[in-house]
Amino acid sequence: MKSRIAALLKEAVDALVASGRLPVDVPALTLSRPREERYGDFATNFPLLAAKAAGTNPRALALEMKARVPSSPLIARLEVAGPGFLNVFLAPEATYALLPEILAAGEAYGRLPARAQRVLVEFVSANPNGPLHVGHGRGAAYGDSLARLLEYAGYAVQREYYVNDAGRQMDILALSVWLRYLEIAGVPVAFPETGYRGDYVRDIARGLRDEAGASLERAPDEILIEDPSLTPDALMDVWIAHLKTALGRHYETLHGFGLRAMRADIDADLAAFGVHYDRWYSERSLMDNGAIERALTRLREHGDLYEQDGAQWFRASRYGDEKDRVVVRENGAPTYFASDIAYHLEKTERGFDVLIDIWGADHHGYVPRVRGALSALGCDPERLEVLLVQFAILYRGQERAQMSTRSGDFVTLRALREEVGNDAARFFYVLRKSDQHMDFDLDLAKSQSNDNPVYYVQYAHARIMSVFRQLAERGMVMPELACADFRLLEAPEEHALLRLIARFPEVIETAADAREPHQIAYFLRELAGALHAAYNAHPILTAQDALRQARLALIMAVRHVLANGLRILGVRAPEAM
RNA sequence: GCGCCCUUAGCUCAGUUGGAUAGAGCGUUGGAUUCCGAUUCCAAAGGUCAGAGGUUCGAAUCCUCUAGGGCGCACCA
Numbered sequence: 005m006k007s008r009i010a011a012l013l014k015e016a017v018d019a020l021v022a023s024g025r026l027p028v029d030v031p032a033l034t035l036s037r038p039r040e041e042r043y044g045d046f047a048t049n050f051p052l053l054a055a056k057a058a059g060t061n062p063r064a065l066a067l068e069m070k071a072r073v074p075s076s077p078l079i080a081r082l083e084v085a086g087p088g089f090l091n092v093f094l095a096p097e098a099t100y101a102l103l104p105e106i107l108a109a110g111e112a113y114g115r116l117p118a119r120a121q122r123v124l125v126e127f128v129s130a131n132p133n134g135p136l137h138v139g140h141g142r143g144a145a146y147g148d149s150l151a152r153l154l155e156y157a158g159y160a161v162q163r164e165y166y167v168n169d170a171g172r173q174m175d176i177l178a179l180s181v182w183l184r185y186l187e188i189a190g191v192p193v194a195f196p197e198t199g200y201r202g203d204y205v206r207d208i209a210r211g212l213r214d215e216a217g218a219s220l221e222r223a224p225d226e227i228l229i230e231d232p233s234l235t236p237d238a239l240m241d242v243w244i245a246h247l248k249t250a251l252g253r254h255y256e257t258l259h260g261f262g263l264r265a266m267r268a269d270i271d272a273d274l275a276a277f278g279v280h281y282d283r284w285y286s287e288r289s290l291m292d293n294g295a296i297e298r299a300l301t302r303l304r305e306h307g308d309l310y311e312q313d314g315a316q317w318f319r320a321s322r323y324g325d326e327k328d329r330v331v332v333r334e335n336g337a338p339t340y341f342a343s344d345i346a347y348h349l350e351k352t353e354r355g356f357d358v359l360i361d362i363w364g365a366d367h368h369g370y371v372p373r374v375r376g377a378l379s380a381l382g383c384d385p386e387r388l389e390v391l392l393v394q395f396a397i398l399y400r401g402q403e404r405a406q407m408s409t410r411s412g413d414f415v416t417l418r419a420l421r422e423e424v425g426n427d428a429a430r431f432f433y434v435l436r437k438s439d440q441h442m443d444f445d446l447d448l449a450k451s452q453s454n455d456n457p458v459y460y461v462q463y464a465h466a467r468i469m470s471v472f473r474q475l476a477e478r479g480m481v482m483p484e485l486a487c488a489d490f491r492l493l494e495a496p497e498e499h500a501l502l503r504l505i506a507r508f509p510e511v512i513e514t515a516a517d518a519r520e521p522h523q524i525a526y527f528l529r530e531l532a533g534a535l536h537a538a539y540n541a542h543p544i545l546t547a548q549d550a551l552r553q554a555r556l557a558l559i560m561a562v563r564h565v566l567a568n569g570l571r572i573l574g575v576r577a578p579e580a581m
């Protein structure tokens, strides 16, 4: 609808340009939805923008433009208003004509035509050294809703999880599991502060015990040596080195077991949350297949790599970063950044037009160096969009819940899901802009009351379904909805609903362009409110036949929009509650 | 110290990318249901858009400064 109206107005602009009234390089014509009904269904500020070029005042230009808009059955009237807006009032037939379209399209209503662009959305990508916590949950809800939204907006989307299976943190997990494994065998162990203390480590150790038996037992005293001259972190590295020596080839059994256990746990957790990936991308594979070496060689050939203090540095400062960055340490091991360079190079080589990375906001300082690396590799850094998700600060009543994987004192995503349910969790997460800090109140999300917006929207859907159930229970015939006489829908509450559902495809487009699924959530709440208002004001089943048929058609169309919107957010649209 | 982000109603937050009288939910106060589900609806009160300048027909939105808050500044991931 919007594009059809825009085309009509564009004809008027073209006519003004053709007649020499306006220069060729006029500003772009944009249509907006005015906040207030009395300003029409659409409005353009074009006369305000172009008046100076035309050498006249905006209102006069608006009048000239109005006179050149071709007549159309879609438009009831045009008005020049305010300082020089041109407001468009749609003919009622134009919105009525939409209802049969929505009823026919059903699940596809609001879906935009396929685009050529391929998008890769990488999200969560939490280190597999512990269960997902509520902070990851926000990234999961946001990333998955965004992926669904982009698909609905016509993009070809792939979802990916980057698994950091190669780093030091995995070694710490291995050591932690190993110590718990000894405990299970009755070996006394002084578990270090720097190890992972969560209960899940014991669970993994029990599984390891079942699989490996006693084959990994070694004396802990030979591993956990004391050295007061070392920092706790340095000491941990020493212990890891000792453990690797002591276990030899068996270390891989231990390391691999911990990794697989955590991977499976995270996978199952996300799947239960409605999040599914096309690919789990291993960081280790980048080392094993030479991708890192290849990327670094390419940088070196461009003169963007140099050696200093025994380490290899990338000249990030040439590409907008504040300083150069180490890619290969003095000890020869590549940094996390090195694998990330290789990973992003490989992403562009796979032919994606848009690379979306969803990161925790604490990684924001990392953006310039990755962009810089892409530039240095000859890739267009603009293709990479890094979307930052602020932390969700969790409250239980007034108490702030702490989250730390290392201490084991954290609220897991799984616990949250079990406590508040998937629907409330996902809706609640997405109800805030991702780059906004968020207070996640567990008690509120848990409350199954009208405090909780997800029930308000779901109830609107269930309520519509209930009307159709009632229809059957009363022995009434289900009428042919598409053939209803929609002109009977003349109440203000019904027009409000019509306007809202007509706007849905535009909401999809702007939300997708802005990467903001929260716009869908807000739209759904508004639509649910309009549905409840109309429901209260106008009885449906007790109306006379033709009017009942028209109202049933309207709420069925609303139902499709609610269901389609909720699906994008990964929230169920229940038949009954 | 430097950099990025944030500051809108009592609380939690929107604000269609510079538009018309700044909105919603919760909370507060007052009302509505012989009828399809009261997990609902209607209404009222509530604002110096952190503060000060600037840009222009027009600013919550763009620029500068100030105050307050968050995050980041590793040969960790």
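Residue numbers (this note's numbering): 5 to 581. Yeah, the Cβ is synthetic: ideal placement off N, Cα and C, and Gly gets one too.
Annotation for G364: the continuous beta strand (DSSP E) segment containing it runs V358 to G364.
Looking at the DSSP output, E389 shares a beta bridge with I360. A direct Cα-to-Cα measurement between D169 and T352 gives close to 22 Å. Nearest to G141 by alpha-carbon distance, out of A11, L398, K70 and A19, is L398.
The DSSP-derived three-state label of H137 is strand.
A71 is classed as exposed because its beta carbon has fewer than 16 other beta carbons within 10 Å across all chains shown. Contact fails between the region 114-124 and the region 62-77, because fewer than three Cβ pairs, one in each stretch, are under 8 Å apart. Annotation for D443: the continuous beta strand (DSSP E) segment containing it runs M442 to D445. Judged by DSSP secondary structure, E164 falls within the beta strand (DSSP E) whose first and last residues are A160 to V167.
Annotated as proximal: H246 and E226, with beta-carbon spacing under 8 Å. Listed as beta-bridge partners of I106 by DSSP are no residues whatsoever. Within the same chain, Cβ atoms closer than 6 Å to the Cβ of F395 are found at G139, the five residues on either side in sequence being excluded. DSSP places T416 in the strand class (E or B) of the three-state scheme. The beta carbon of S36 lies closer than 6 Å to those of A47 in the same chain, with the five residues before and after it left out. Nearest to L448 by alpha-carbon distance, out of D517, L263 and A429, is A429. Annotation for P87: L52, P62 and R63 place their beta carbon closer than 8 Å to its own, counting only its chain and skipping 5 residues before and after. Contact between the region 543-554 and the region 187-198 is absent: fewer than 3 CB-CB pairs across the two stretches fall below 8 Å. Taking the Cα of V415 as reference, the smallest distance to any Cα among Y204, P192 and L153 is reached at Y204. Here V123 really is in contact with F356; their C-beta atoms are around 6 Å apart, less than 8 Å. Counting C-beta pairs with one atom in each stretch, the region 522-536 and the region 170-181 have fewer than three that are closer than 8 Å, which means they do not touch. Shown here for L435: same chain residues with a beta carbon closer than 7 Å to its own, the five before and five after excluded, namely P457, H522 and A525 in chain order.
The criterion of a C-beta distance shorter than 8 Å is satisfied by L502 and L493. Per the coordinates, the alpha-carbon of A265 lies some 47 Å from the alpha-carbon of H536.
With 16 or more other Cβ atoms inside 10 Å of its own Cβ, M442 counts as buried. Note that the region 296-308 does not touch the region 265-285; fewer than 3 beta-carbon pairs, one per stretch, sit closer than 8 Å.
DSSP, reduced to helix, strand and coil, places I79 within a strand of the structure shown. Setting aside the 5 residues that flank it on each side, E510 is surrounded in the same chain by K6, each with a C-beta closer than 7 Å to its C-beta; the list follows chain order. DSSP places A346 inside the alpha helix (DSSP H), whose first and last residues are Y340 to E353. When DSSP states are grouped into helix, strand and coil, F89 belongs to the strand group. Rounded to the nearest whole angstrom, the CA to CA distance from A315 to S149 is 41 Å. Residue state for V17 is assigned as helix, using DSSP reduced to three classes. R8 counts as exposed, since fewer than 16 other C-beta atoms from the protein chains shown sit within 10 angstroms of its C-beta. Within the DSSP secondary-structure output, I397 pairs in a beta bridge with D443.
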